[in-house]
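Data block below; observations after.
In this note's numbering, the protein residues as written are 2 to 236.
Pasting the structure below:
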């Protein structure tokens, strides 16, 4: 099945519309986007959908949102990957491979290079994930922050940028996983194991636990894909 045939959620559509707006206006990294209020009027969307889209674009490295200053383009959009030419199942496999190559290495390097400040940051992000009072958006943000904390601890800016390239595609998987109590607890356990390995400078353990976590997310994504296929066939 071609990815374009999938019914997109509203925030996903808004993400694409913002990208089109950026390209149509010829914006380059460093340029300022319209305000949230203006974007709501331009795109004719709700504040909730817009903010969900902005979170996705910020976490994927496209935008830099500075409180009190505005929304700025952080990455050139003139060269986009042609992911829509791939069917869903193959794309999930490629994404899984990319995560294994990039994030397992990041975890291994983090276990070797993390400073006391890095460890403190990871611990704080983990505590946020464990907080049962957080909203779903806040849980997703804490999850993103934890993974970027590992990336920053690895002290490799090139791998950091590569992580940003793939993180946008994980929003839906994180959203579904963290929506349910069992999925949330499983994610917290996985992140706790990764944190402990990094904290103990256990390079092999950090790499192993990250691999286990990525494999679990991949299996969840495949199950979601199967359910969507069944739903489409029934309709």
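Positions of the beta carbon are idealized from the N, C-alpha and C atoms, including for glycine. The model shown is predicted, which means the values in this text are computed figures rather than measured ones.
On a CA-only basis, which of 194, 168 and 144 is nearest residue 178? Give me that one, please.
144
Assigned secondary structure, residue 187 (DSSP; H/G/I helix, E/B strand, else coil):
helix
Going by DSSP in three states, residue 60 sits in which element: helix, strand or coil?
helix
Could you say which of 163, 204, 158 and 137 lies nearest to residue 53 if we only look at CA atoms?
137
For the pair the segment 63 to 74 and the segment 105 to 113, tell me if three or more CB-CB distances fall below 8 angstroms.
no
Using the C-alpha atoms, what's the distance from residue 212 back to residue 125?
22 angstroms
The alpha helix (DSSP H) enclosing residue 40, as first and last residue numbers:
37 to 44
On a Cα-Cα basis, can you pick out the residue from 191, 150, 216 and 162 that is closest to residue 75?
162
How about residue 57 and residue 16: are their beta carbons less than 7 angstroms apart?
yes
Residue range of the alpha helix (DSSP H) that residue 118 falls in?
117 to 131
Mapping DSSP to helix, strand and coil, what is residue 167?
helix
Distance check for residue 131 and residue 217, CA to CA, integer angstroms please.
19 angstroms
Which residue's Cα is closest to the Cα of residue 1: 72, 48, 148 and 224?
The chain is shown from 2 up to 236; residue 1 falls before or after that span and cannot be answered.
Name the two residues that bound the continuous alpha helix (DSSP H) containing residue 94.
89 to 114
Considering only the alpha carbon of each residue, which of 104, 102, 153 and 224 lies closest to residue 117?
153
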